[in-house]
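Colleague: Chains as they are written, first to last, in our numbering: chain A, 7 to 368; chain B, 15 to 298. C-beta atoms are modelled at their ideal positions from N, C-alpha and C, and glycine is treated no differently. Computed from a predicted structure; not experimentally measured.
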Amino acid sequence: MSAVPGDEPVIEARGLRKEFVVRVPAGRFRRTRRRVTAVDGIDLTVRRGEMVGYIGPNGAGKSTTLKMLTGVLMPSSGEVRVCGLPPVARRTQLALRIGVVFGQRSQLWWDLPLRDSFALLRHIYRVPAAAHAARLRRCRELLDLDDFLDVPVRQLSLGQRMRGELTAALLHGPEVLFLDEPTIGLDVVSKQAVRAFLAELGRSGETTLLLTTHDLADIERLCHRLVVIDHGRVVHDGSIGALHARYGSRRLVVAELDEPLTTPPVLAGAPLLRTEADGRRLVFACESATASAVVARLAGLVALRDIAVVEPDIEDVVARIYRNAASEGGADPAQGCSITRTAKVPGASASYRWGTSPGNVT
Amino acid sequence: MGSVTATVPPPITRNIGWMFRTFAAITGSGFRRYSTYRQATLAGAFTNTVFGFLRCHVLLAVATGAGGVAAGYTPDQLATFVWVGQGLLAVVLLWGWNDLAERIRTGDVASDLLRPVHPVLNYLAADLGRAGYALLTRFVPPVVAGLLFFDVAIPSRWSTPPIFAISVVLAVVICFGCRYLVNATAYWLHDVRGPMMIWTFGSGVLAGLYFPLHFLPDWVTVPLWLATPFPSILQTPLDVVVERDDWPVQVGLVAVQAVWAGLILLACRAVQGAAERRLVVQGG
Numbered sequence: 007m008s009a010v011p012g013d014e015p016v017i018e019a020r021g022l023r024k025e026f027v028v029r030v031p032a033g034r035f036r037r038t039r040r041r042v043t044a045v046d047g048i049d050l051t052v053r054r055g056e057m058v059g060y061i062g063p064n065g066a067g068k069s070t071t072l073k074m075l076t077g078v079l080m081p082s083s084g085e086v087r088v089c090g091l092p093p094v095a096r097r098t099q100l101a102l103r104i105g106v107v108f109g110q111r112s113q114l115w116w117d118l119p120l121r122d123s124f125a126l127l128r129h130i131y132r133v134p135a136a137a138h139a140a141r142l143r144r145c146r147e148l149l150d151l152d153d154f155l156d157v158p159v160r161q162l163s164l165g166q167r168m169r170g171e172l173t174a175a176l177l178h179g180p181e182v183l184f185l186d187e188p189t190i191g192l193d194v195v196s197k198q199a200v201r202a203f204l205a206e207l208g209r210s211g212e213t214t215l216l217l218t219t220h221d222l223a224d225i226e227r228l229c230h231r232l233v234v235i236d237h238g239r240v241v242h243d244g245s246i247g248a249l250h251a252r253y254g255s256r257r258l259v260v261a262e263l264d265e266p267l268t269t270p271p272v273l274a275g276a277p278l279l280r281t282e283a284d285g286r287r288l289v290f291a292c293e294s295a296t297a298s299a300v301v302a303r304l305a306g307l308v309a310l311r312d313i314a315v316v317e318p319d320i321e322d323v324v325a326r327i328y329r330n331a332a333s334e335g336g337a338d339p340a341q342g343c344s345i346t347r348t349a350k351v352p353g354a355s356a357s358y359r360w361g362t363s364p365g366n367v368t
Numbered sequence: 015m016g017s018v019t020a021t022v023p024p025p026i027t028r029n030i031g032w033m034f035r036t037f038a039a040i041t042g043s044g045f046r047r048y049s050t051y052r053q054a055t056l057a058g059a060f061t062n063t064v065f066g067f068l069r070c071h072v073l074l075a076v077a078t079g080a081g082g083v084a085a086g087y088t089p090d091q092l093a094t095f096v097w098v099g100q101g102l103l104a105v106v107l108l109w110g111w112n113d114l115a116e117r118i119r120t121g122d123v124a125s126d127l128l129r130p131v132h133p134v135l136n137y138l139a140a141d142l143g144r145a146g147y148a149l150l151t152r153f154v155p156p157v158v159a160g161l162l163f164f165d166v167a168i169p170s171r172w173s174t175p176p177i178f179a180i181s182v183v184l185a186v187v188i189c190f191g192c193r194y195l196v197n198a199t200a201y202w203l204h205d206v207r208g209p210m211m212i213w214t215f216g217s218g219v220l221a222g223l224y225f226p227l228h229f230l231p232d233w234v235t236v237p238l239w240l241a242t243p244f245p246s247i248l249q250t251p252l253d254v255v256v257e258r259d260d261w262p263v264q265v266g267l268v269a270v271q272a273v274w275a276g277l278i279l280l281a282c283r284a285v286q287g288a289a290e291r292r293l294v295v296q297g298g
């Protein structure tokens, strides 16, 4: 049974902001310093036991937010508390209470077998032997680790390594689990294993989970709450259902006909969206009419070969949000997309101060 | 899934016993990690031994040219200086460590920062484990080769081995600190090839690897010893083991090492703190 999230906030961010100063060429010998905003005043409250999907296009500021929440990056301004602690100032204490998985990085020791890595983590996180053994036993069962526990990490496949990473992040019993693209690059089977594991974890309602991903199937499977950010700002915070309602997502009824129709039927509350296959396939969007009503009406009007009801596609909705946000944020093309890119380029330099105001500096 | 999670904050303890166990566990992992590269160990020990023959013959020729004693070293002492030095080279790991710089460049350093252990302590503990493995596998072969093929000076005073042991541990700590600082420039520069080249050249000359620093005039060596950490990395433990000086001087040299070890670790901590305040973690 799914647990109801508690009232106690585990993650609290107010006006969270991160600016980077980047140097861009301005002539043959000159370089101009420019301040770009990666995260632009995010407010976020996550309560104990919640499973939150945190999504956005590339360069939106997802990973930067996660790094600030985990204490790896110092915010330029704003307030943030995770488990009641300021993440940067109390990073090592916070590390005992959170688990982090970066899909594109490893927290395991390259040269050591998984078993040795896990044993070392027990000492690093000061976990009593019995609690460590119990958690490891459970992870071994759920993630099927036994076949490669004695293999050095460098020889593991990506899917095996990711299962090891998840275990490593959970062995100290974290209150909050931060997952940054945990299914990136995984095959279907490995993705399913990781999702099933996280779903199982979420069912207990004890671990709070913040997940960033580009694979929206992860979100649909795991998260009740979705936070969409773009250009460093929250553009949606609510359930997936609320997202569909807000952006007018509709169920589709796809009717395959025996013979093409010259004049397609007109159905009240379900406009014809498109005609395909030379008029043999009709696609209706359910607006005020229910799918069953549309199917019943169609069956009475035409000879049907097959019929399908298609649920609204979250990817379409999210793509629409990204496109809208991109067109609204078009005033400053340097913001958003170039921010994180600049920060990623080796050689890019950045600095920050608390409470600095946005704007260009030279 | 109840056994995988916890809702109660773990006790924040500064228990010395726990800290010691954590440090020891990371040290043990450093030992195990390096022990997985057996072919590299073998190749390194062989190379150091071959170069030991070259260096030993050159320095013995210098001693012969100087009338038997060069800068206060007898031929036996010079042979010991060379062969123990060839072994210590791998124990202190003067060259070839860029793990931290590479992790900064790729952004993997984020994982180090997410551990409940200070990064300097974390890397130091692992490096002590590495040094322990090198002591067994990289130190012994050249020293045995020296014993077999040359007349070497064996320590005659009972106090020398323990002073030498302390001196080697401090040398490892100092060398680790220097390497950490050189690697940490990656926080600012991203590409550490420049600082690494300066370190490689400077440490080889000033630590006493290429020639004993006493070959230089006193007005060079004394400031070098006191104002830089380099002689404390190789020259001091080697002077201790060849018993160039009486035991009070040996203890004094090791005390200088201890001061440098403390200063370097403090510098590492300060640099790490400064780096974290301006850190840009590379990659998404």
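Cα separation between A/V45 and A/V27?
Modeller: Residue mapping note: residue 45 of chain A aligns to position 39 of the first sequence, counting from 1. Residue mapping note: residue 27 of chain A aligns to position 21 of the first sequence, counting from 1. When rounded, the distance between both Cα atoms is 13 Å.
Colleague: Under a CB-based cut-off of 9 Å, is A/F124 close to chain B?
Modeller: Position 118 of the first sequence, counting from 1, holds the residue named residue 124 of chain A. It does not; no Cβ of chain B falls within 9 Å.
Colleague: Which chain A residues sit within Cβ distance under 7 Å of B/T41?
Modeller: The sequence position of residue 41 of chain B within the second sequence is 27, counting from 1. Simply none; closest approach about 10 Å.
Colleague: From the beta carbon of B/A38, is the nearest beta carbon of chain A less than 9 Å away?
Modeller: Walking along the second sequence from the start, residue 38 of chain B turns up at place 24. At least one chain A Cβ lies under 9 Å of B/A38.
Colleague: Leaving out five residues before and five after A/G21 in sequence, what residues of the same chain have Cβ atoms less than 6 Å from its Cβ?
Modeller: One-based indexing of the first sequence puts residue 21 of chain A at position 15. Cβ within range, chain order: G47, G84.
Colleague: If you pair each beta-carbon of the region 151 to 169 of chain A with each one of the region 188 to 204 of chain A, do three or more pairs fall below 8 Å?
Modeller: Yes, the region 151 to 169 of chain A is in contact with the region 188 to 204 of chain A.
Colleague: Quick one: is B/H71 buried, meaning 16 or more other Cβ sit within 10 Å of its Cβ, or exposed?
Modeller: The residue given as residue 71 of chain B occupies position 57 in the second sequence. Exposed, since its Cβ has fewer than 16 Cβ neighbours within 10 Å.
Colleague: Give, in chain order, every residue of the region 209 to 242 of chain B whose Cβ lies closer than 7 Å to some Cβ of chain A.
Modeller: Those would be none; no residue qualifies.
Colleague: Along the beta strand (DSSP E) that carries A/I17, what are the first and last residues, could you check?
Modeller: Position 11 of the first sequence, counting from 1, holds the residue named residue 17 of chain A. Looking at the DSSP string, the run of the beta strand (DSSP E) that includes A/I17 is 15 to 31.
Colleague: Can you look up A/A340 in the DSSP assignment and give me helix, strand or coil?
Modeller: Mapped onto the first sequence, residue 340 of chain A falls at position 334. Low confidence applies to A/A340: its pLDDT is 33, below 50, so where it sits in the model is not reliable, and the reading given next is rough at best. Reduced to three states, the DSSP call for A/A340 is coil.
Colleague: Give a yes or no on whether 9 Å exceeds the smallest Cβ distance from B/T125 to chain A.
Modeller: Here residue 125 of chain B refers to the residue found at position 111 when the second sequence is read from its first residue. This sequence places Ser at residue 125 of chain B; Thr is not what is there. Yes, because at least one Cβ of chain A sits closer than 9 Å to the Cβ of B/S125.
Colleague: Which of the three DSSP states is assigned to B/H71 in this structure?
Modeller: For this step, residue 71 of chain B is matched to residue 57 along the second sequence. DSSP places B/H71 in helix when its eight states are reduced to three.
Colleague: Beta-carbon within less than 7 Å of A/E321's beta-carbon, same chain only, minus the 5 sequence neighbours each way: which residues are those?
Modeller: Mapped onto the first sequence, residue 321 of chain A falls at position 315. Around A/E321: L222.
Colleague: In chain B, which residues lie with their C-beta within 7 Å of the C-beta of A/Y131?
Modeller: Reading the first sequence from its first residue, position 125 is the one you call residue 131 of chain A. By Cβ distance, chain B contributes P130.
Colleague: Which first and last residues belong to the alpha helix (DSSP H) in which A/D193 is found?
Modeller: In the first sequence, residue 193 of chain A corresponds to position 187, counting from 1. From DSSP, A/D193 is part of no alpha helix (DSSP H); its letter is neither H nor E.
Colleague: Between the Cα of B/G86 and those of B/D205, B/A124, B/T55, B/D253, spot the shortest distance and give me the residue it belongs to.
Modeller: Within the second sequence, numbered from 1, the residue matching residue 86 of chain B stands at position 72. It is B/D253 whose Cα lies nearest to the Cα of B/G86.
Colleague: Count the other CB atoms, across all protein chains shown, that sit within 10 Å of the CB of B/L56; report buried if there are 16 or more and exposed otherwise.
Modeller: Counted from its first residue, the second sequence places residue 56 of chain B at position 42. So B/L56 ends up on the exposed side.
Colleague: Measuring CA to CA, which of B/S49, B/E257, B/R35, B/F225 is closest to B/S181?
Modeller: Here residue 181 of chain B refers to the residue found at position 167 when the second sequence is read from its first residue. If we check each option's Cα against that of B/S181, B/E257 comes out closest.
Colleague: For B/F153 and B/L102, which I take to be in contact (beta-carbon distance under 8 Å), what is that distance rounded to the nearest angstrom?
Modeller: The residue you call residue 153 of chain B lines up with position 139 of the second sequence. The residue you call residue 102 of chain B lines up with position 88 of the second sequence. About 7 Å; that satisfies the 8 Å criterion.
Colleague: Would you call the region 28 to 39 of chain A and the region 71 to 81 of chain A touching, i.e. three or more CB-CB distances under 8 Å?
Modeller: Output reads no: the region 71 to 81 of chain A does not touch the region 28 to 39 of chain A.
Colleague: Considering only the beta carbon of each residue, do A/L279 and A/L258 sit closer than 9 Å?
Modeller: Indexing the first sequence from 1 puts residue 279 of chain A at position 273. Indexing the first sequence from 1 puts residue 258 of chain A at position 252. It is a contact, given that the beta carbons lie within the stated cut-off.
Colleague: Tell me which residue opens and which closes the beta strand (DSSP E) that A/L217 is part of.
Modeller: As a working mapping, residue 217 of chain A is identified with position 211 in the first sequence. Per DSSP, A/L217 belongs to the beta strand (DSSP E) from 214 to 218.
Colleague: On the DSSP bridge list, what partners appear for A/I104?
Modeller: Locating residue 104 of chain A in the first sequence gives position 98, where the first residue counts as 1. DSSP lists A/V182 as partners of A/I104.
Colleague: Let me confirm a value: A/P339 is counted as buried when at least 16 other C-beta atoms fall within 10 Å, else exposed. Which label applies?
Modeller: Taking the first residue of the first sequence as 1, we reach residue 339 of chain A at position 333. Any reading at A/P339 needs caution, since the residue's pLDDT is 34, under 50, leaving its predicted position unreliable; the model's value is listed next. Per the 10 Å Cβ criterion, exposed.
Colleague: Looking at the C-beta of B/W111, does it have a partner C-beta in chain A at a distance below 9 Å?
Modeller: Residue mapping note: residue 111 of chain B aligns to position 97 of the second sequence, counting from 1. Judged by the 9 Å Cβ criterion, B/W111 is not in contact with chain A.
Colleague: Counting Cβ pairs closer than 8 Å, one from the region 66 to 73 of chain A and one from the region 208 to 228 of chain A, do we hit at least three?
Modeller: These segments touch.
Colleague: Using the DSSP secondary-structure output, state which residues sit across from A/R287 in a beta bridge.
Modeller: Translated into the one-based positions of the first sequence, residue 287 of chain A becomes position 281. DSSP lists A/E262, A/E282 as partners of A/R287.
Colleague: Out of B/P226, B/T199, B/H204, B/F225, point me to the one whose CA is closest to B/W213's CA.
Modeller: For the purposes of this step, residue 213 of chain B is taken as residue 199 along the second sequence, with counting starting at 1. If we check each option's Cα against that of B/W213, B/T199 comes out closest.
Colleague: Can you give me the start and stop residues for the alpha helix (DSSP H) that B/D113 sits inside?
Modeller: One-based indexing of the second sequence puts residue 113 of chain B at position 99. Counting along the chain, the alpha helix (DSSP H) containing B/D113 begins and ends at 113 to 120.
Colleague: Using a Cβ-Cβ cut-off of 9 Å, state whether A/M57 counts as contacting chain B.
Modeller: On the first sequence, position 51 is the one that residue 57 of chain A refers to. Not closer than 9 Å to any Cβ of chain B, the Cβ of A/M57 fails to qualify, so no.
Colleague: Which residues in the same chain have their Cβ closer than 8 Å to the Cβ of B/V268, if we skip the five residues on either side of it in sequence?
Modeller: For the purposes of this step, residue 268 of chain B is taken as the residue at position 254 of the second sequence. I177, I180, S181, L184, T250, V254.
Colleague: Check B/L9 in the structure and name its three-state DSSP category.
Modeller: Given a span of 15 to 298 for chain B in the structure shown, any question on residue 9 of chain B remains unanswerable.
Colleague: Since B/T50 meets chain A, which of its residues come closer than 9 Å, beta carbon to beta carbon?
Modeller: Locating residue 50 of chain B in the second sequence gives position 36, where the first residue counts as 1. Going along chain A in sequence order, the residues near B/T50 (Cβ under 9 Å) are D117, L118, P158.
Colleague: What does a CB cutoff of less than 6 Å around B/G218 pick up in its chain, not counting 5 residues either side in sequence?
Modeller: Stepping through the second sequence from its first residue, residue 218 of chain B is reached at position 204. Around B/G218: Y224.
Colleague: Can you name the start and end residues of the beta strand (DSSP E) that A/H129 belongs to?
Modeller: Counting from one through the first sequence, the residue named residue 129 of chain A turns up at place 123. Counting along the chain, A/H129 falls outside any beta strand (DSSP E), though it belongs to the alpha helix (DSSP H) covering 120 to 130.
Colleague: Under 8 Å by Cβ, that's how I've got B/I188 and B/Q271 pegged, so tell me the actual separation to the nearest angstrom.
Modeller: For the purposes of this step, residue 188 of chain B is identified with residue 174 of the second sequence, where counting begins at 1. For the purposes of this step, residue 271 of chain B is identified with residue 257 of the second sequence, where counting begins at 1. Correct: roughly 7 Å between the Cβ atoms.
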